[in-house]
Ligand code: SF4
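Residue numbers (our numbering): 601 to 872.
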């Protein structure tokens, strides 16, 4: 018996998905995964990646997908239905007038309200379908941009977790694309001819994320490794890198621990 026709993702993308799902132990035997399928390139590539993994992996798990229609039912979801049918993935649509609500309330942070509503709808749909995992399409760039936004606006260097149990809903969120760069996902979505839906949200042009992305693009022009370095920093926040509060570990290190020419705190304050 032949299975559904799963588009063949590039080897490098498959490796990145394998790395994320393996390192963070995202999927266990018998898991029932609901994919948040927005119709954007990320969630479409995620769906293809998980369908491929389901076919190849010795670990048995099930997939279904949910599209939250933020226009309240005005969006034509037929291309997503066809895509999921091709992959043998049950597909459901949950319409909600999120865009209209944001416009009506003249919301100052439309994206956080939108994300909260969509997450609630996805959690409910996942539970109704008997799923225990919710897979989202956040990629490496999303993680780095989130870390920068938090740094600039909250003074904390942190991003979302690749795997995270939500105590309120009891649902575990997984992000298998967290090691995949956005430009590679975009290229892959084009190469495979995935049915990317047009942007329908009027707030998608001038968001904090767009500003963070532009800063990151400028920084990356001078150092192509910068995104990977920021991602690395997220994975190895070191106690020793924290500024001491004057309690434990506040003594100055012995002088032989300071390599010649290293900028010490004393030298730095001299230059201020
Ligand atoms: S850009 Fe639009 S769809 Fe995306 S999170 Fe913001 S409000 Fe929601």
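Ideal Cβ positions, reconstructed from N, Cα and C, are used throughout, including at glycine.
C-alpha gap between residue i and residue j, whole angstroms
i	j	result
residue 615	residue 706	43 angstroms
residue 609	residue 792	8 angstroms
residue 727	residue 771	8 angstroms
residue 691	residue 685	8 angstroms
residue 671	residue 698	6 angstroms
residue 619	residue 612	10 angstroms
residue 605	residue 664	16 angstroms
residue 704	residue 639	25 angstroms
residue 798	residue 696	18 angstroms
residue 688	residue 755	45 angstroms
residue 745	residue 828	12 angstroms
residue 831	residue 776	15 angstroms
Assigned exposure category for residue i - 16 Cβ within 10 Å defines buried
i	result
residue 818	exposed
residue 790	exposed
residue 837	exposed
residue 738	buried
residue 839	exposed
residue 676	exposed
residue 659	exposed
residue 785	buried
For residue i: DSSP bridge partner residues
i	result
residue 693	667
residue 772	733 and 765
residue 636	666
Q | Closer than 5 angstroms: residues whose CB approaches a heavy atom of the ligand SF4 | A | 710, 711, 714, 801, 803 and 804
Q) If you pair each beta-carbon of the stretch 624 to 633 with each one of the stretch 703 to 718, do three or more pairs fall below 8 angstroms? A) no
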